[in-house]
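The next block holds one structure in the form of structure tokens; read it before the comments.
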Amino acid sequence: MSWSVKVDQDACLGSGICAGSRPDIFGFHGTHAVAVTERIDPDEDLLDLADTCPAAAILIRDGSGAELAPRP
Ligand code: SF4
Numbered sequence: 000m001s002w003s004v005k006v007d008q009d010a011c012l013g014s015g016i017c018a019g020s021r022p023d024i025f026g027f028h029g030t031h032a033v034a035v036t037e038r039i040d041p042d043e044d045l046l047d048l049a050d051t052c053p054a055a056a057i058l059i060r061d062g063s064g065a066e067l068a069p070r071p
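Following numbering that gives the first Met the number 0, the numbering of the sequence shown begins with 0 at its first residue and continues without gaps.
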């Protein structure tokens with residue numbers, strides 16, 4: 000079941016880490032990152048990337064809507 004990915008526009012600091020690491024999933028709109036695709040195949044590497052976001056702004060949910068990232 001696919002996951003959903005979004006960037007919290009209010010939280011994003013525009014560091015560029017996400018878009019630099021995964022341009023297949025993240026891009027930039029002005030000074031903030033955006034997800035260029037909303038549905039992705041399950042991807043553990045993306046959870047690790049979300050952990051590196053300095054603003055915990057990468058929001059990932061599984062197919063049932065359960066929050067996978069940001070992790071506590
Ligand atoms: S890593 Fe986080 S703070 Fe940096 S651009 Fe991506 S979402 Fe924004």
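We put the CB at the ideal spot given by N, CA and C, even for glycine.
Any non-hydrogen atom of the ligand SF4 within 8 Å of residue i CB
| i | result |
| --- | --- |
| isoleucine 39 | no |
| histidine 31 | yes |
| proline 22 | no |
| glycine 64 | no |
| valine 4 | no |
| alanine 68 | no |
| threonine 51 | yes |
| serine 1 | no |
| isoleucine 59 | no |
Range of the contiguous beta strand (DSSP E) that encloses residue i
| i | result |
| --- | --- |
| leucine 12 | No beta strand (DSSP E) contains leucine 12, which DSSP labels as neither H nor E. |
| alanine 68 | 66-68 |
Integer-rounded CB distance, given that residue j should sit under 8 Å from residue i
| i | j | result |
| --- | --- | --- |
| serine 63 | glutamate 37 | Between glutamate 37 and serine 63 the Cβ distance is about 16 Å, and since that is not below 8 Å, they are no contact. |
Residue environment, residue i, which counts as buried when at least 16 other CB atoms sit within 10 Å
| i | result |
| --- | --- |
| alanine 65 | exposed |
Check: residue i C-beta below 8 Å from any heavy atom of the ligand SAH
| i | result |
| --- | --- |
| leucine 45 | Among the ligands present in this structure, namely the ligand SF4, the ligand SAH is not found. |
- 3-residue-minimum beta strand (DSSP E) runs that sit fully inside the segment 14-62, ordered along the chain: Those beta strand (DSSP E) runs which fall completely within the segment 14-62 and span 3+ residues are 25-28, 31-34 and 57-60.
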